[in-house]
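Undergrad: This is the structure I want to talk about, given as structure tokens.
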Amino acid sequence: MLVADIMTKNVITVSPDNDLADLRQHFSSKKFHHLLVEDNGKLVGIISDRDASANSSPFLGTLNERPEDRELLDKKVSAMMSTTMVTVVVDTIIDCAAILLLENNISCLPVVDQEMNIKGILTWKDILQFHVYDVDKTLCIPAAN
């Protein structure tokens with residue numbers, strides 16, 4: 000099986016010019032943990048919900064909120080995103096993608112073509128679901144006592 004068979008094809012992307020407030024909106028409204036950063040149709044970075052949290056103040060929206068906490072919301076994606084990325088193409092074998100995730104200690108792989116056009120995203124959950132639900136279902140039936 001190939002990455003193309005299990006990847007998420009409808010990817011939500013953000014621009015390097017989006018800000019932390021935009022990111023917080025995306026991460027709170029969707030159940031994503033990663034967003035691909037796209038500029039002029041090309042993948043230029045990746046940002047995670049952990050990156051957004053690390054750049055936020057825990058005091059936002061609390062009684063202890065300070066003006067500098069609110070100013071953090073203007074921080075641009077370009078200042079927070081990772082630009083060193085491990086990517087795969089659609090015809091990568093799923094097990095090879097899993098090895099890339101493990102060996103690089105990452106949790107997702109942007110799927111791109113040779114020109115860095117985004118084709119999808121593959122997460123460790125996609126791979127786990129494939130391996131768990133693609134097994135012989137009789138293995139999951141408890142033995143009779």
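Residues 0 to 144 (numbering that gives the first Met the number 0) are what the sequence shown spells out, left to right. No residue lacks a Cβ here, since even glycine has one placed at the ideal position from N, Cα and C.
Which of the three DSSP states is assigned to Ser106 in this structure?
TA: coil
Undergrad: Is Leu71 helix, strand or coil by DSSP?
TA: helix
Undergrad: Looking at the structure shown, is Asp16 part of a helix, part of a strand, or coil, going by DSSP?
TA: coil
Undergrad: Starting from Asn33, follow the beta strand (DSSP E) in both directions and report where the run begins and ends.
TA: It is worth fixing the name first, because residue 33 is His in this sequence and not Asn. Unbroken beta strand (DSSP E) run through His33: His33 to Asp38.
Undergrad: Identify whether Ser55 lies in helix, strand or coil by the three-state DSSP scheme.
TA: coil
Undergrad: Output the distance between the C-alpha atoms of Asp50 and Ala97, rounded to the nearest integer angstrom.
TA: 23 angstroms
Undergrad: Do Asp38 and Asp73 come within 8 angstroms of each other at the CB atom, strictly closer than that value?
TA: no
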